[in-house]
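Here the protein sequences come in this chain order: A and B.
Residues 8 to 263 in my numbering are what the first sequence spells out, letter by letter.
Residues 388 to 631 in my numbering are what the second sequence spells out, letter by letter.
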Amino acid sequence: MSPLIEVRDLERRYARRNVHALRGVSFDVEAGQRFGIVGESGSGKSTLVRLLAGLDQPTAGSVTFRGRRIDGVAERKLKFLRSELQIVFQDPMGSLDPRMRVREIICEPLGRVDRGRVAELLDAVGLPADAGERYPHQFSGGQRQRISIARALAPRPAVLVADEPVSALDVSVRRQILDLLADLVDRFELTMVFVSHDLGVVRQVCDTVAVMRRGEIVELGAVDQVYDQPQHAYTRELIAAAPSLQAALAKLRSPN
Amino acid sequence: MTLVVEGLGISSLVRDVSFTVGKNERVGLIGESGSGKSLTALSIMGLLPDELGATGSVKLNGRELLGAPERELSRLRGNEMSMVFQEPMTALNPSMRVGRQVAEPMSIHGTRRDHKQAAVELLESVGLPSETARAYPHQLSGGQRQRVVLAMALANDPALLICDEPTTALDVTVQALVLELILSGTQWRETSLLFISHDLAVVASVCERVLVMLDGEIVEAGDTLDVLTAPKHEYTQRLLELSV
């Protein structure tokens, strides 16, 4: 069986700013995989998300979705992708229209309000049934992210791309949203592409991880393998730099 | 004691907050968004929005800050006490060269006459080359900007430095460096540190003592090791569970 998403030698240059955001990236995402992309700012992960979603065009290379090329294709021919692949963004407030009721927001990808579907989706993401009548500002950050997830699920996508979905949230809410995403991926048999700067978060939800630096994938493999036996020096540096409570407490126990 | 906070209340958002920070001591303030940790910091700096009144007492080296006239507070800010915020870009003036901004606290308070040279030395002390003085903030990376802000905050060897989520907006590899610079910069100056963060691992690597804030109150306080290995309050216990 061929992979769900095939990325080959993908490059993206921004000529005017002389920035080479992606320098030849290749990988496959298989159906059902939880594919993590980890990198720091400037690593090219956001550029990659835009190209996977057909929101930008590469300067070289290809992106294939279910065997169909999506790079270099006119927007009107990407309708299938808009329902098959949905994105959850970092800042829920910035991606929810403050003037729309939650039920309208959730139904936006459908092009019509379907109250039955709204009820199903609110229930799936753990929001009360009457949430549909309210506006985004009436919800907390975690609840807003639940609304974005409900909207993303509305067209019954095969792939959910989560771009730093918990980075703006408090730790106690973070865990709830990660658990929710994992649960939904199982329940609806989704494929997930999960982008984050936070190694720990990726480890919690993904089975595979690609480590990016300066537009390249420097390491790709099963999550446990990459975390326990990192092969690339940069991966080791990232793991070592991530603050560890255990290490900090050990140092406090025996100073020097 | 460098800082003594007693029965601090801010509107109904912060209630009966009391703690001290001794000379050269590093104290962490842990809590989630809305817990009141930033308001507490702003009330110490005298930077609360006008509509929020503070009650209680905040003393810096024995001098009462709450209700002190703005003229007196502005003599202390950037001099005896200073603050590093989460977003370096909004803390810097986009249209002023970095060197002048770092020199500003020294020229305003008249602490050094050779501020130009002093600014370069301060930049070097946070690991930035002397050419950085001629750069504008937008020409620097996030980590470099935060190091500039730290250099400014330490320019007059303050008695108290408050850092509010100083590395939250930074990449992990840069975070480690900035934390190291905060530690080394405060240690030799014997500057007391009030360090605000939601990240237990970061607080544990910086602070000797921690305060845990929830819904405007301090629910637990003690030595970092005690609080983070044998937490008494259920909220601290929950935070720890989520941090592992």
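Beta carbons: idealized from backbone N, C-alpha and C, even for Gly.
For A/ILE113 and B/LEU626, the rounded distance between their alpha carbons: 32 Å
Give the list of continuous beta strand (DSSP E) stretches no shorter than 3 residues that lie fully inside the region 504-553 of chain B. 547-551
Partners in chain B for A/LEU256, counting only beta-carbon separations shorter than 7 Å: ALA591, LEU612, LEU615 and THR616
Residue burial classification, B/TYR622 (beta-carbon count within 10 angstroms, cutoff 16): buried
Assign A/HIS144 to buried or exposed, taking buried as 16 or more other Cβ atoms, counted over all protein chains shown, within 10 Å of its Cβ. exposed
Pick helix, strand or coil for B/THR611, following the three-state DSSP scheme. helix
Give me the residue from B/THR573, B/ALA522 and B/THR519 with the minimum Cα distance to B/ALA540. B/THR573
Helix, strand or coil: which one does DSSP assign to B/GLY472? Per the sequence shown, residue 472 of chain B should be read as Phe rather than Gly. Coil.
Is the distance from the Cβ of A/LEU252 to the Cβ of B/ALA588 below 7 Å? yes
If you follow the alpha helix (DSSP H) that A/TYR142 is in, where does it begin and where does it stop? Here A/TYR142 belongs to no alpha helix (DSSP H), and DSSP marks it neither H nor E.
Using the beta-carbon count (16 or more within 10 Å), is B/GLN624 buried or exposed? exposed
Residues of chain B with CB under 9 Å from A/LEU197, in chain order? Per Cβ cutoff of 9 Å: no residues; A/LEU197 is ~25 Å from chain B at best.
Can the beta-carbon of B/VAL374 be found less than 7 Å from the beta-carbon of B/LEU581? With chain B represented from 388 up to 631, any question about residue 374 of chain B goes unanswered, as that position is not in the structure.
Rounded to whole angstroms, what is the Cα-Cα separation between B/VAL561 and B/SER592? 15 Å
Just curious, the beta strand (DSSP E) that A/GLN265 is in, first and last residue? Any question about residue 265 of chain A goes unanswered here, given that chain A covers just 8 to 263.
Any beta carbon from chain A within less than 7 Å of B/LEU548's own beta carbon? no
Is any beta-carbon of chain B found at less than 7 Å from that of A/ARG182? yes
Let's see if you can read the secondary structure: which residues bound the alpha helix (DSSP H) around A/LEU188? 178-194
Burial state of A/ASP177, where buried means 16 or more other Cβ atoms lie within 10 Å: buried
Buried versus exposed, by CB contacts within 10 Å (16 or more), A/GLY149: buried
N-terminal and C-terminal residue of the alpha helix (DSSP H) that A/GLY101 is part of: 99-102
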